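In my numbering, the protein residues as written are 9 to 333.
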């Protein structure tokens, strides 16, 4: 049985969201290559589903709706078709004491459990049916992580995740010298895969699970990296897959952050201006321009053809002609 406070929250929507009108939103689709027409219809619209969040992040499709984090508010929200407002699904989400940052990246495992990157607790955790959390990884070689940021789950059950310092409390010193990219197996073995990137952020796997993509949110060198993933879980042949730094401007806010891969291997990564759509060969096909610093995205819907986007205070939706993994 869920704790009383959590049970109440599960049934509660944020009254402020229902009371406040949706702010004006102006977005557009930018086509850079004819191949974009196979992924987005020419008349595609960007829909605003909810707004008023502090910093929306980490969306994932679960139980017929989209759930996502509001990191500073230490809350996971949910939205389903027909809802007039986003609803609180989980609070606290990432800092159990309430004095730290909430969850960031979210995923759903093969058993349907919600897996969270918990900034405040500095760990990867699983939400249990009774409302408690089970820590899946919280240390590497006896030292606490910085603040796990985003994750992807392989078919084997191994979780790959990034660990930049964004979620550390003010004045809280990191225990690890690197902004690492790690894996944790179902048996609990934690391995450091990458140690030479500053600000690794979003993370994704190719459809054949042979390539690991890392979005780097370094303000001086925002980009997407690609690595060959070996059968033993190690990586090699790191290379720049897409350099997004030249896209940055005063009008195009943000860097490479969260990302997803569709069934054909195209990468949908947040970046300067919104969501960049990049072919598996590394060609920039076009962008979903949100006008906001855009954090993350996820495919959802009954056939996984709808892209949900968390962009600063907004939850957005775009219907696509492709399908997510």
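Backbone N, C-alpha and C define an ideal beta-carbon position, used for all residues, glycine too. Quantities reported herein were computed from a predicted structural model and do not represent experimental measurements.
Distance between residue j and residue i (C-alpha atoms, nearest Å)
{"i": "residue 32", "j": "residue 205", "result": "37 Å"}
{"i": "residue 182", "j": "residue 174", "result": "11 Å"}
{"i": "residue 261", "j": "residue 282", "result": "8 Å"}
{"i": "residue 197", "j": "residue 191", "result": "8 Å"}
{"i": "residue 109", "j": "residue 187", "result": "18 Å"}
{"i": "residue 285", "j": "residue 255", "result": "13 Å"}
{"i": "residue 290", "j": "residue 139", "result": "42 Å"}
{"i": "residue 320", "j": "residue 97", "result": "19 Å"}
{"i": "residue 163", "j": "residue 218", "result": "12 Å"}
{"i": "residue 178", "j": "residue 155", "result": "13 Å"}
{"i": "residue 241", "j": "residue 170", "result": "15 Å"}
{"i": "residue 258", "j": "residue 38", "result": "17 Å"}
{"i": "residue 318", "j": "residue 147", "result": "29 Å"}
{"i": "residue 322", "j": "residue 296", "result": "14 Å"}
{"i": "residue 72", "j": "residue 120", "result": "12 Å"}
{"i": "residue 246", "j": "residue 292", "result": "20 Å"}
{"i": "residue 47", "j": "residue 305", "result": "15 Å"}
{"i": "residue 203", "j": "residue 51", "result": "43 Å"}
{"i": "residue 157", "j": "residue 84", "result": "15 Å"}
{"i": "residue 236", "j": "residue 168", "result": "14 Å"}
{"i": "residue 150", "j": "residue 49", "result": "50 Å"}
{"i": "residue 45", "j": "residue 315", "result": "16 Å"}
{"i": "residue 324", "j": "residue 301", "result": "13 Å"}
{"i": "residue 56", "j": "residue 86", "result": "14 Å"}
{"i": "residue 232", "j": "residue 248", "result": "6 Å"}
{"i": "residue 172", "j": "residue 161", "result": "19 Å"}
{"i": "residue 228", "j": "residue 137", "result": "42 Å"}
{"i": "residue 94", "j": "residue 189", "result": "32 Å"}
{"i": "residue 15", "j": "residue 90", "result": "With a pLDDT of 32 at residue 15, under the threshold of 50, the modelled position of this residue cannot be trusted, and the question is left open."}
Short Cβ contact (9 Å threshold) for residue i with residue j
{"i": "residue 152", "j": "residue 200", "result": "no"}
{"i": "residue 278", "j": "residue 223", "result": "yes"}
{"i": "residue 159", "j": "residue 141", "result": "no"}
{"i": "residue 334", "j": "residue 275", "result": "Any property of residue 334 remains undetermined from this structure, which presents the chain solely from 9 to 333."}
{"i": "residue 36", "j": "residue 303", "result": "no"}
8 Å Cβ shell around residue i - same chain, five flanking residues per side excluded
{"i": "residue 165", "result": "117, 118, 193 and 194"}
{"i": "residue 102", "result": "77, 79, 82, 108, 109, 110, 111, 112, 124, 125, 126, 127, 128, 129 and 175"}
{"i": "residue 239", "result": "none"}
{"i": "residue 62", "result": "78, 79, 80, 81 and 321"}
{"i": "residue 180", "result": "none"}
Residues near residue i by beta carbon distance below 7 Å, same chain, minus five either side
{"i": "residue 34", "result": "299"}
{"i": "residue 215", "result": "269, 271, 273 and 333"}
{"i": "residue 122", "result": "70, 114, 116 and 135"}
{"i": "residue 143", "result": "131 and 133"}
Closest Cα partner of residue i within the set the options
{"i": "residue 88", "options": "143, 58, 103 and 99", "result": "58"}
{"i": "residue 264", "options": "253, 111 and 333", "result": "253"}
{"i": "residue 213", "options": "225, 288, 148 and 143", "result": "288"}
{"i": "residue 220", "options": "231, 243 and 229", "result": "243"}
{"i": "residue 105", "options": "96, 86 and 81", "result": "81"}
{"i": "residue 230", "options": "280, 83 and 315", "result": "280"}
{"i": "residue 311", "options": "121, 323, 38 and 70", "result": "70"}
{"i": "residue 145", "options": "209, 137, 132 and 157", "result": "132"}
{"i": "residue 40", "options": "315, 302 and 294", "result": "294"}
Cutoff 6 Å; reference residue i; Cβ partners in own chain excluding five residues on either side
{"i": "residue 313", "result": "328 and 331"}
{"i": "residue 226", "result": "206 and 207"}
{"i": "residue 270", "result": "330 and 332"}
{"i": "residue 43", "result": "293"}
Assumed close pair residue i, residue j - CB separation to whole angstroms, cut-off 8 Å
{"i": "residue 66", "j": "residue 112", "result": "5 Å"}
{"i": "residue 326", "j": "residue 74", "result": "Actually they do not touch by this definition, with Cβ atoms about 12 Å apart."}
{"i": "residue 68", "j": "residue 114", "result": "4 Å"}
{"i": "residue 309", "j": "residue 267", "result": "At roughly 18 Å, the Cβ-Cβ gap does not stay under 8 Å, so residue 309 and residue 267 are not in contact."}
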